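Okay, structure first, notes after.
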Amino acid sequence: MQSRRPKIRPPRKSLTAALDFPSIWSTLSQSILQILNQNAGSLSFEELYRKGYNIVLKKHGGILYESIGGVISGYLEGCYTKLINVEEEGDGQVLDRVIQLWRDFEISMKLISDVFLYLDKVYTRENHLLLVYDHGVTLFRDLIIKRDQGKIGNLINEKILDLITANRAKGAMIDFFKIKEVMMMYLSLEETDENGVLIGETYYTLFFERYYLDRSGSFYEGLAGEQFQLGNGRAYLKWVEGVLLDEENKMSLYLNAETCEKLRMLMSRICIVSKIDQVLRFPQESLRDWVHLRKEEELTLLYRLLSRAGYFDGLLVQIDEIIKDEEGLKSPSLDGQGKEKVKISQVSTVFVTQVIALKDKYDQILRYLSTDANVQKTIETSFTSVLNPAAAAAATSRLSEFLSYYIDEFIKKSKDSNDTEISAFLDNAIVIFRFIKDKDVFEKFYKNHLAKRLLKAQSEKDDDLERMLIDRFRNEIGSTFTAKLEGMFKDIHLSRELSAKFNHKNLHVSVLTKTFWPIQPTETSSLINLPSVLEDLQSQFTQYYTNCFNGRNIQWVYNFGTVDIRVKFTKKLHELNCSIYCGVIILLFQEFEQITYKELKQVTQIPEAELKRALLSLSVAQRTRVLLKSPMSKEFQDDDVFKFNYNFTAPLTKVKILTVITKQDTDATRSETLKETETDRKYEVDAMIVRVMKSNKTLSHRELIEEIIKLSAKRFEPSVGFIKKRVEMLIEREYLRRDETDSKVYHYLA
Numbered sequence: 001m002q003s004r005r006p007k008i009r010p011p012r013k014s015l016t017a018a019l020d021f022p023s024i025w026s027t028l029s030q031s032i033l034q035i036l037n038q039n040a041g042s043l044s045f046e047e048l049y050r051k052g053y054n055i056v057l058k059k060h061g062g063i064l065y066e067s068i069g070g071v072i073s074g075y076l077e078g079c080y081t082k083l084i085n086v087e088e089e090g091d092g093q094v095l096d097r098v099i100q101l102w103r104d105f106e107i108s109m110k111l112i113s114d115v116f117l118y119l120d121k122v123y124t125r126e127n128h129l130l131l132v133y134d135h136g137v138t139l140f141r142d143l144i145i146k147r148d149q150g151k152i153g154n155l156i157n158e159k160i161l162d163l164i165t166a167n168r169a170k171g172a173m174i175d176f177f178k179i180k181e182v183m184m185m186y187l188s189l190e191e192t193d194e195n196g197v198l199i200g201e202t203y204y205t206l207f208f209e210r211y212y213l214d215r216s217g218s219f220y221e222g223l224a225g226e227q228f229q230l231g232n233g234r235a236y237l238k239w240v241e242g243v244l245l246d247e248e249n250k251m252s253l254y255l256n257a258e259t260c261e262k263l264r265m266l267m268s269r270i271c272i273v274s275k276i277d278q279v280l281r282f283p284q285e286s287l288r289d290w291v292h293l294r295k296e297e298e299l300t301l302l303y304r305l306l307s308r309a310g311y312f313d314g315l316l317v318q319i320d321e322i323i324k325d326e327e328g329l330k331s332p333s334l335d336g337q338g339k340e341k342v343k344i345s346q347v348s349t350v351f352v353t354q355v356i357a358l359k360d361k362y363d364q365i366l367r368y369l370s371t372d373a374n375v376q377k378t379i380e381t382s383f384t385s386v387l388n389p390a391a392a393a394a395a396t397s398r399l400s401e402f403l404s405y406y407i408d409e410f411i412k413k414s415k416d417s418n419d420t421e422i423s424a425f426l427d428n429a430i431v432i433f434r435f436i437k438d439k440d441v442f443e444k445f446y447k448n449h450l451a452k453r454l455l456k457a458q459s460e461k462d463d464d465l466e467r468m469l470i471d472r473f474r475n476e477i478g479s480t481f482t483a484k485l486e487g488m489f490k491d492i493h494l495s496r497e498l499s500a501k502f503n504h505k506n507l508h509v510s511v512l513t514k515t516f517w518p519i520q521p522t523e524t525s526s527l528i529n530l531p532s533v534l535e536d537l538q539s540q541f542t543q544y545y546t547n548c549f550n551g552r553n554i555q556w557v558y559n560f561g562t563v564d565i566r567v568k569f570t571k572k573l574h575e576l577n578c579s580i581y582c583g584v585i586i587l588l589f590q591e592f593e594q595i596t597y598k599e600l601k602q603v604t605q606i607p608e609a610e611l612k613r614a615l616l617s618l619s620v621a622q623r624t625r626v627l628l629k630s631p632m633s634k635e636f637q638d639d640d641v642f643k644f645n646y647n648f649t650a651p652l653t654k655v656k657i658l659t660v661i662t663k664q665d666t667d668a669t670r671s672e673t674l675k676e677t678e679t680d681r682k683y684e685v686d687a688m689i690v691r692v693m694k695s696n697k698t699l700s701h702r703e704l705i706e707e708i709i710k711l712s713a714k715r716f717e718p719s720v721g722f723i724k725k726r727v728e729m730l731i732e733r734e735y736l737r738r739d740e741t742d743s744k745v746y747h748y749l750a
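If you read the sequence shown in the UniProt record's numbering, its first letter stands for residue 1, the second for the next number, and so on.
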């Protein structure tokens, strides 16, 4: 703190008058001692100033500067001796004595500095020496605090740390303002280099702060170790929070801001960073417990402490481990238990519902952790990793398949769903969709299910939920993914208009574009022998269509078609709704009383796999045994005999005969879907490579690989090996060539 200095005019005396330095100095030295001894009441500071002025004026500034230092040094040496004696006597007052000495000395030096103001102005500055005040403070530093290898300084530091440690350990009462006064003294004791020039450091930063942080570190290492040994995660975190808060409230009372921050960092490193990874794995009250039990208090406390330390690595690693151990994320087995079969649709719904519940759980955990971006990324990455195992290609598609079945089951039962349930369904479907790496596989499964639903839908209103979901897909991944799906809706819309114009109450036809739909006609499937009533309807529509659209060819596909047949059984009239294959078989019994399996194959020309499925539905399924099979079994032999079951009955007039789908059928369909996906990927990657190379002309192998992975990221993740094979194939087909001097560089061939 700078005091206002009086403006004293120098006396006008002859510059040639002789100077009696010893006499003048005798007066000045005695006056300096009186000031240092707090006995300056009788002194005339104007007279003292004039004497100092004259000495400087007569060019004796150097000897004056040295003499002042000598008097101050002598005084301080006496003070040092007294302090040592006080300590040796053991009265415990050395800290108070040093504080009082500094208070008095600081006041005295300000007065002495005023007396020799002219010396500072003319001599000291010009000769790059310390000002009188700074010179005195430096002498105090060297002759009191740092003398004899810092005996007094070390003694004070030790006493201060003993007091602070007692307060930390036992809550002992201490005078923080007294300690603050010592700190202010230390901050005033600036350090100098070998030439006596101030270097910007202080005794506080070079000596006390290091000692303080070392002692504090040792104390908290021991205390944290004791708490750590208790093995209770919650208790440890509560202790850390308490000790940090307690220290925070006290440190600013006596430490400067820089040391406070260093102490915070030190305590965070000792109490949090060095131990938190193990604390979170404690057998009692661990992170795993808090996550599974959704402990808000513990998780929010944990995040506060980790944020303070700026350390999240251990938390992220353990969240990843916990998620990967979640049983609910592991693909369920589709094998039956005993004789009971497991329906994939049921398994899919249960599994996807489990995943959604777990995602909701971890979203809640994320909120407790302040929606931290790194935690959020870890959760999403961990879910994606578990749900898309890299161990086997077959496993990779399971999530895609399960989500498609989940969507299928909900939409088929959605008529009674309210807006809240539908909104939740759409949100959940997109959440799971984001976890799927191979979205092209999902597209295949989804298109198969969507095709069946669209072909069975009765009106445009039935398609509303479908369109809402596809809008979500488009917003999530872009219109390229949904283009063919939207084409399917367009076909259905146009087909309804066409059927309305055809105006035949007994026939509704869906005219589909091959490239949009997953339904591909085969020679055998389109050449079955239809009963005359069905064949007549088919011929009428074919004629009508060719008249409307000259030049277009129509090819009939029966896989997804259905037929309604009214049958008068012995007890009741029933309207049977079944597949076209089942309908063809039922209508045969207008001509046959009984027929063998071999004859059925010959007469209907239905592909054998479809024929078996139809017969299982008609003769084996308990609720829809419209036919009687002899012998009764699920296996089919050429001599098996089928008769019409006139005694069939059901509770409702309308009976829906579902096509039986065996596990073998499901596996075959799945295998075929994956095979188609693999083929499509080859074409897609080939096209990407050609586009990229055509645009760039020349690329290195690494650059090309990176670009293809980037372009395909939204649909699937091709392996580097897969891309390399496609590059080799394009080189063979002369779309690309290797550089003649560097085989890792490719050129595009126009």
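Beta carbons are placed, not taken as given, at the ideal position from N, Cα and C, and that holds for glycine. Every value quoted in this text rests on a predicted model; they were computed, and no experiment measured them.
Let me know if Glu707 comes out buried or exposed under the rule of 16 or more other beta-carbons within 10 Å of its beta-carbon.
Glu707 is buried by the Cβ-count criterion.
Who are the near neighbours of Val56 in its chain, counting only those whose CB is closer than 7 angstroms to its CB and skipping five residues on each side?
Leu64, Tyr118, Leu119, Val122 and Tyr123
Among the candidates Phe383, Gln346 and Asn374, whose CA atom is the shortest distance from the CA of Lys361?
Phe383
Which runs of the alpha helix (DSSP H) fall wholly inside the segment 113-141 and span at least 4 residues, in chain order?
132-140
CA-CA distance, Thr396 and Thr513?
Note on Thr396: pLDDT 49, under 50, position unreliable in the model; the coordinate value appears next. If I take the Cα positions, the gap works out to 30 angstroms.
In the DSSP assignment, find the alpha helix (DSSP H) that holds Thr546 and state where it starts and stops.
Going by DSSP, Thr546 is part of the alpha helix (DSSP H) stretching over Ser532 to Cys548.
Given 8 angstroms, three or more beta-carbon pairs between the segment 317-337 and the segment 300-307
no
Proximity test, Cβ basis, 9 angstroms: Gln318 and chain C
The structure shown contains no chain C, having only a single protein chain.
So Asp686 and Leu736 are supposed to be a Cβ contact under 8 angstroms. How far apart are they, rounded?
Contact flag wrong, Cβ pair sits at about 11 angstroms.
Local conformation of Tyr220 per DSSP, three classes:
helix
Tell me whether Arg281 sits in a helix, a strand or coil according to DSSP, three-state version.
coil
Element boundaries [beta strand (DSSP E), containing Tyr746]
Per DSSP, Tyr746 is one residue of the beta strand (DSSP E) stretching across Val745 to Tyr748.
Any idea if Leu403 is buried or exposed, counting beta-carbon neighbours within 10 angstroms, 16 or more meaning buried?
Buried.
How is the alpha helix (DSSP H) around Thr384 delimited, first residue to last?
Segment Ala373 to Leu387, the alpha helix (DSSP H) holding Thr384.
Measuring straight from C-alpha to C-alpha, what distance separates Thr542 and Lys744?
57 angstroms
Can you give me the C-alpha to C-alpha distance between Leu316 and Leu615, rounded to a whole angstrom?
56 angstroms
Please confirm whether Gln354 and Leu366 have their CB atoms less than 9 angstroms apart.
no
Per-residue burial, Pro22 [other beta carbons within 10 Å of its own, 16 or more giving buried]
exposed
Any 3 or more C-beta pairs closer than 8 angstroms across the segment 62-80 and the segment 133-146
yes
Alpha carbons only, please: which of Thr546, Lys682 and Phe105 is nearest the one belonging to residue 804?
Residue 804 lies beyond the residue range present for the chain, which begins at 1 and ends at 750; the question has no answer from this structure.
Please name the residue, chosen from Leu611, Met184 and Ile323, that lies closest to Ala257 on a Cα-to-Cα basis.
With distances taken between Cα atoms, Ala257 lies closest to Met184.
With DSSP run on the structure shown, which of helix, strand or coil describes Lys361?
helix
Proximity to Glu443 [Cα-Cα], best of Ser417, Phe473 and Arg467:
Phe473
Starting from Leu198 and walking both ways along the alpha helix (DSSP H), at which residues does that stretch end?
Unbroken run through Leu198 is the beta strand (DSSP E), Leu198 to Thr202; no alpha helix (DSSP H).
Extent of the continuous alpha helix (DSSP H) run through His292:
Per DSSP, the continuous alpha helix (DSSP H) segment holding His292 begins and ends at Leu287 to His292.
Nearest to Leu198 (by Cα), restricted to the options Asp246, Ser712 and Leu131
Minimum Cα distance to Leu198 is reached at Leu131.
Secondary structure of Asp739, DSSP reduced to three states
Three-state DSSP puts Asp739 in coil, outside helix and strand.
Contact check, Ser579 vs Thr659 under 8 angstroms by CB: the rounded distance?
5 angstroms
Excluding the 5 residues preceding and the 5 following Asn647 in the sequence, name in chain order all residues of the same chain whose CB lies nearer than 8 angstroms to its CB.
Phe569, Thr570 and Lys571
Counting Cβ pairs, one atom from each stretch, are 3 or more of them under 8 angstroms apart for the segment 465-483 and the segment 410-430?
yes
The alpha helix (DSSP H) spanning Cys260 covers which residue range?
Ala257 to Ser268 is the span of the alpha helix (DSSP H), which, as asked, contains Cys260.
Considering only DSSP beta bridges, list what Val71 is partnered with.
None, per the DSSP bridge assignment.
Beta strand (DSSP E) containing Lys629: first to last residue?
Leu627 to Ser630
First and last residue of the uninterrupted beta strand (DSSP E) at Val584:
For Val584, no beta strand (DSSP E) run applies; the uninterrupted alpha helix (DSSP H) run containing it begins and ends at Ile580 to Leu588, by DSSP.
Is the segment 218-235 close to the segment 276-296, with three or more CB pairs under 8 angstroms?
yes
Measuring CA to CA, which of Thr679, Val441 and Val350 is closest to Ser400?
Measuring from the Cα of Ser400, the nearest candidate turns out to be Val441.
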